[in-house]
């Protein structure tokens, strides 16, 4: 049973791990499982038409499993309304191509919940790199938004408490751009949830297949 790494920026292949590698419209072709989206950090209004054309082309690939990462970041200078419009366009693509959305969210959790209620998407939404307290997590989970945990799980007790107290079917695990192995995240996860490695691997494999390989 492989480890599932729902979001990584590293292309190194490991026969014991199934990874979704983050890509951008400008990325060179990657044959393995990947996601592709317009990240709020890299919005270039002069290239949006080309980026969206390329994005749609890449979404046709059967190994492209998700739209993203994309989302809303209130810590950057890029116009918030523009970020939201670009995110909405990618929600449309997610629904059109029947692929989940991997979300980059910074100080915009209320925005994401509002959009989820407004759009009522049929595809799963997953906030990657979640590192907040349980009070932030609860309304997201209530609105059927998955949370993906990574490096912060290893050292942040508040994040660990969040992870330990959300429903078992509400999370994924990832490495993002950190120089860590997904096995390290799994090892911490089983400690926090008081379960076996086999149980966790079996659960996340089945959840991955259900949401991404349908």
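In our numbering, the protein residues as written are 50 to 263.
Glycine included, C-beta positions come from ideal geometry on N, C-alpha and C.
Source: prediction; values computed, not measured.
Around the CB of residue 125, fewer than 16 other CB atoms lie within 10 Å, so the residue is classed as exposed. With respect to residue 183, residue 135 sits apart: the two C-beta atoms are not nearer than 8 Å. Positions of the beta strand (DSSP E) runs, each at least 3 residues long and wholly inside the region 152-232, are given as 174-176, 194-198 and 220-222 in order along the chain.
Following the DSSP letters along the chain, one finds residue 66 inside the beta strand (DSSP E) bounded by residues 66-72. By the CB criterion at 8 Å, residue 67 and residue 217 fall outside the cutoff.
Comparing alpha-carbon positions, the option among 55, 60, 102 and 82 lying closest to residue 75 turns out to be 102. Restricting attention to 248, 113 and 73, the CA atom closest to the CA of residue 96 is found in 73. Here residue 143 carries a helix assignment [DSSP, helix/strand/coil]. The beta carbon of residue 223 sits closer than 8 Å to those of 54, 55, 56, 57, 177, 178, 197, 198, 199, 231 and 234, all from its chain and outside the five residues before and after it, given in chain order. With fewer than 16 other Cβ atoms inside 10 Å of its own Cβ, residue 50 counts as exposed.
With respect to the 8 Å criterion, residue 189 and residue 213 are not classified as neighbours on the basis of their beta carbons. Each residue's CA atom was taken as its position, placing residue 195 and residue 99 some 30 Å apart. Counting C-beta pairs closer than 8 Å gives three or more between the region 110-129 and the region 146-160, which meets the contact rule. Close CB contacts of residue 229 within its chain, under the 7 Å cut and outside five residues either way in sequence, are with 200 (chain order). DSSP places residue 99 in the helix class (H, G or I) of the three-state scheme. No Cβ-Cβ contact shorter than 8 Å links residue 89 with residue 140.
Distance from the CA atom of residue 123 to the CA atom of residue 155, rounded to whole angstroms, is 6 Å.
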